[in-house]
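Note sheet for the following structure.
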Amino acid sequence: MSVLAVSWVWAAAAIAVIAGLGIYCIVSRRNMFRMLMGFTMLTKAVTLAFVFGGAFWMNPGLGQSLAIIVIVIEAAVTAVGMSMIVNIYRHYGAVDTSQIRRLRG
Amino acid sequence: MLGVILLALMALAALGVVFSRDLLYAVISLGLLSVFTSILFYSLGAPYASIMELSIGAGLITVLFMATISLVEERQFKGERKLKLTYLNVTGLLIAAAIALFIGWALFKGASAEPAVISPGTLPEILWGERLLDVLGLGIVIFTAAIGIGALFRTEGGK
């Protein structure tokens, strides 16, 4: 499969752990920076799955091209998310979602 | 063996992102996660994705996080120093564990499935041939993100 000969089980476990931690970060942390980091981790897990899939099925070009697309979109979303956090901080004076009371329905 | 060690280091870095008390340590852990990911990509025969991950994931995003955190006062992060066993945390942990188990199971099952019939090609062939529409869409995403950032930082009357 590869030079490193990582079995698919280990790869699947690592991808699941990173994705799970990313989802946990998004769901349960209240700091918006942490939430954005959780999103970044989630996209890293997706990228890893693409590249592992490409290597596993002997089509690294396809996995790489999809991974590159995901990485660039991740950077764009992170940049927009950062600017939104800075704006929210300027507006409300807080980056903790529990303190931004005007957003509550 | 080296691959398993890299995967374990990645999992450790991911744990550091979620559970480290200082936000700057979390950002550094995120950068380390990107570095380990890019090493793994290179060894899996994906050098272009490795370079992209290293330059964007470990470089650009880490710098962006650090710059943005420096814009925010430190007292904003005092409240989240200790991770408490609250209803939100426990529920989030259960949801995340369930989703992680599902992802792991799906990936494990997917490995035994027959792969889709896609002829292997080099990266330029795929990126500029089969995935040309995606690349054009990527350009639109970057353009939209630039406009979005400009709109968010827009000041009224040049203030």
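Order-wise, the sequence lines are chains A and B. Counting from 1, position 104 in the first sequence corresponds to residue 104 in this note's numbering; the numbering is continuous, with no gaps. Residues are numbered in this note's numbering as their position in the second sequence, beginning at 1, plus a constant of 1000. For glycine and all other residues, C-beta sits at the position ideal for the given N, C-alpha and C.
Inset, instruction - Rounded to whole angstroms, what's the CA-CA distance from Arg-101 (chain A) to Ala-94 (chain A)? Just pull it up for me. - result: To locate residue 101 (chain A), count along the first sequence from 1; it is residue 101. To locate residue 94 (chain A), count along the first sequence from 1; it is residue 94. So the two alpha carbons sit approximately 10 Å from each other.
Legend entry - Option in B:Gly-1150, B:Ile-1069 and B:Thr-1091 with minimal Cα separation from Leu-1024 (chain B): Position 24 of the second sequence, counting from 1, holds the residue named residue 1024 (chain B). Per the Cα distances, B:Ile-1069.
Inset, instruction - Just confirm the distance between the C-beta atoms of Gly-1121 (chain B) and Gly-61 (chain A), as a whole number of angstroms; I'd bet it's less than 8 Å. - result: Along the second sequence, read from residue 1 onward, the residue named residue 1121 (chain B) stands at position 121. Along the first sequence, read from residue 1 onward, the residue named residue 61 (chain A) stands at position 61. Indeed they touch by this definition, with Cβ atoms about 5 Å apart.
Inset, instruction - Have a look at Gly-1129 (chain B) and Ala-1113 (chain B) and give me their C-alpha separation to the nearest angstrom. - result: To locate residue 1129 (chain B), count along the second sequence from 1; it is residue 129. To locate residue 1113 (chain B), count along the second sequence from 1; it is residue 113. Rounded to the nearest angstrom, the two C-alpha atoms are 26 Å apart.
Inset, instruction - Report yes or no: do three or more beta-carbon pairs, one from the segment 47-56 of chain A and one from the segment 1041-1050 of chain B, lie closer than 8 Å? - result: The answer is yes - the segment 1041-1050 of chain B touches the segment 47-56 of chain A, with three or more Cβ pairs under 8 Å.
Legend entry - Beta-carbon neighbours of Arg-1131 (chain B), restricted to chain A and to distances below 9 Å: In the second sequence, counting from the first residue as 1, residue 1131 (chain B) sits at position 131. Those within 9 Å of Arg-1131 (chain B) in chain A are Leu-62, Ser-65, Leu-66 and Ile-69.
Inset, instruction - Assign Gly-1150 (chain B) to one of two classes, buried (16 or more other C-beta atoms within 10 Å of its C-beta) or exposed (fewer than that). - result: Along the second sequence, one-based indexing puts residue 1150 (chain B) at 150. Looking at its Cβ environment, which holds fewer than 16 other Cβ atoms inside 10 Å, Gly-1150 (chain B) is exposed.
Legend entry - Neighbouring residues, chain A, relative to Tyr-1025 (chain B) (Cβ below 7 Å): Position 25 of the second sequence, counting from 1, holds the residue named residue 1025 (chain B). Going along chain A, no residue has its Cβ under 7 Å from Tyr-1025 (chain B), so there is no contact; the nearest lies around 11 Å.
Legend entry - Chain-ordered residues of the segment 1039-1054 of chain B with a beta carbon less than 7 Å from chain A: Against chain A - using a Cβ distance shorter than 7 Å - the residues of the segment 1039-1054 of chain B are Phe-1041, Ser-1043, Leu-1044, Gly-1045, Ala-1046, Tyr-1048, Ala-1049, Met-1052 and Glu-1053.
Inset, instruction - In the DSSP assignment, find the alpha helix (DSSP H) that holds Leu-971 (chain B) and state where it starts and stops. - result: As shown, chain B starts at 1001 and ends at 1159. That puts residue 971 (chain B) outside it, with no answer to give.
Legend entry - Interface residues of chain A facing Val-1004 (chain B) [CB-CB closer than 7 Å]: In the second sequence, residue 1004 (chain B) corresponds to position 4, counting from 1. Chain A residues near Val-1004 (chain B): Val-6 and Trp-10.
Legend entry - Within-9 Å CB hit, Met-35 (chain A) to chain B: The residue you call residue 35 (chain A) lines up with position 35 of the first sequence. For Met-35 (chain A), the answer is no, since every Cβ of chain B falls outside 9 Å of its Cβ.
Inset, instruction - Report the rounded CA-to-CA distance for Leu-21 (chain A) versus Leu-1007 (chain B), giving the unit in angstroms. - result: Indexing the first sequence from 1 puts residue 21 (chain A) at position 21. Indexing the second sequence from 1 puts residue 1007 (chain B) at position 7. Leu-21 (chain A) and Leu-1007 (chain B): Cα-Cα distance of roughly 14 Å.
Legend entry - Minimum length 4: unbroken alpha helix (DSSP H) runs contained in the segment 23-105 of chain A: Counting only runs of 4+ residues, the alpha helix (DSSP H) found wholly inside the segment 23-105 of chain A occupies 32-56 and 60-92, in chain order.
Legend entry - Cα-Cα separation between Tyr-1087 (chain B) and Val-9 (chain A), rounded to whole angstroms: Locating residue 1087 (chain B) in the second sequence gives position 87, where the first residue counts as 1. Locating residue 9 (chain A) in the first sequence gives position 9, where the first residue counts as 1. C-alpha of Tyr-1087 (chain B) to C-alpha of Val-9 (chain A): approximately 32 Å in a straight line.
Legend entry - chain A residues whose Cβ lies nearer than 8 Å to that of Leu-996 (chain B): No information on residue 996 (chain B) is available, as it lies outside the stretch 1001 to 1159 that chain B covers here.
Inset, instruction - Can you check the segment 1010-1066 of chain B for any alpha helix (DSSP H) of at least 4 residues that lies completely inside it and give the ranges in chain order? - result: Within the segment 1010-1066 of chain B, the complete alpha helix (DSSP H) runs of at least 4 residues are 1023-1043 and 1047-1052.
Legend entry - Closer than 7 Å at the beta carbon, the chain A residues around Leu-1060 (chain B): The residue labelled residue 1060 (chain B) in the question sits at position 60 within the second sequence. Within 7 Å Cβ-Cβ: Ala-75.
Inset, instruction - Run down chain B in chain order and give the residues with a C-beta less than 7 Å from the C-beta of Tyr-92 (chain A). - result: Translated into positions along the first sequence, residue 92 (chain A) becomes position 92. Correct list: empty, because the minimum Cβ distance to chain B is about 11 Å.
Legend entry - For Gly-63 (chain A) and Thr-43 (chain A), the rounded distance between their alpha carbons: Locating residue 43 (chain A) in the first sequence gives position 43, counting from the first residue. Locating residue 63 (chain A) in the first sequence gives position 63, counting from the first residue. About 14 Å.
Legend entry - Cβ-based neighbour list, Met-82 (chain A), same chain, cut-off 8 Å, excluding 5 preceding and 5 following: Here residue 82 (chain A) refers to the residue found at position 82 when the first sequence is read from its first residue. Around Met-82 (chain A), the same chain offers Leu-36 as residues with beta carbons nearer than 8 Å, after the five sequence neighbours per side are excluded.
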